[in-house]
Amino acid sequence: MEESIRDQNDSLQGVLKTIADSLCGIEKRCSELVFILDKDGDIAILRNPDDF
Numbered sequence: 004m005e006e007s008i009r010d011q012n013d014s015l016q017g018v019l020k021t022i023a024d025s026l027c028g029i030e031k032r033c034s035e036l037v038f039i040l041d042k043d044g045d046i047a048i049l050r051n052p053d054d055f
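Under this note's numbering, the very last position in the sequence shown is 55; numbers go up by exactly one each time.
Structural data, given as structure tokens:
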């Protein structure tokens, strides 16, 4: 069971990294992204406003 959770975590980290790369670009314009997942499964992404 623990291995399955670890695999899911690794997959989720990969997806979030892909999203972050898309939002920030190769030159890494974002200093910080915050991903918020609510109990309904909706995701909010907050970027540091000082970056733009």
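Built from N, CA and C at the ideal position, the CB exists for glycine as well.
These numbers come from a predicted model, not from an experiment.
### Query
Are residue 25 and residue 51 touching if we call contact CB-CB under 8 Å?
no
#### Entry: Contact check, residue 48 vs residue 40, beta carbons under 8 Å
no
### Query
For the alpha helix (DSSP H) that residue 32 lies in, which residues bound it at each end?
Note, residue 32: premise wrong, no alpha helix (DSSP H); not H, not E.
### Supposed close pair residue 36, residue 23 - CB separation, criterion 8 Å
5 Å
### Message
Excluding the 5 residues flanking residue 38 on each side, which residues of the same chain have their C-beta closer than 7 Å to its C-beta?
### Response
19, 46 and 48
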